[in-house]
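Numbering (our numbering), first residue to last: 2 to 125. Worksheet: one structure, shown below.
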């Protein structure tokens, strides 16, 4: 076992407070939040069960692990929520000045579509 791996190996949690493993050294049954999301799961209110530590840019980096057996399935939006999201996205594409729905989101810095913000360039 390399010296750097041994420095981060603490399966009992005596040194770091929670079970700690080195990069790619966690036992099966643990997953990061991104790994849970890719599997269609979410932590479901459980606290961090373990961590992975490694030496990275700027010092020691950490990735928190959750137990897969306690993870809950991801929640899906209801049909009413999907309708509301669609309306909100359409509102972000609607120009306040000309009231046209554009194929892009209206820049918040301009507050209107590009054609209305720069009329001389649109005519050219």
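Glycine included, C-beta positions come from ideal geometry on N, C-alpha and C.
If the five residues before and after residue 12 are omitted, its C-beta is found closer than 6 Å to the C-beta atoms of 20, all from its own chain and listed in chain order. A straight-line Cα-Cα distance of about 15 Å links residue 46 and residue 32. The region 83-99 makes no contact with the region 52-68; the number of CB pairs closer than 8 Å stays below 3. Along the region 33-69, the alpha helix (DSSP H) occurs as fully enclosed runs of 4 or more residues at 34-39, listed in sequence order.
Taking the Cα positions, residue 38 is about 14 Å away from residue 65. About 5 Å separates the beta carbon of residue 50 from that of residue 68, a gap short enough to meet the 8 Å contact definition.
Between the alpha carbons of residue 18 and residue 75 lies a distance of about 29 Å. Distance between residue 70 and residue 30, taken at the CA atoms: about 7 Å. When beta bridges are read from the DSSP output, residue 91 appears opposite no residue.
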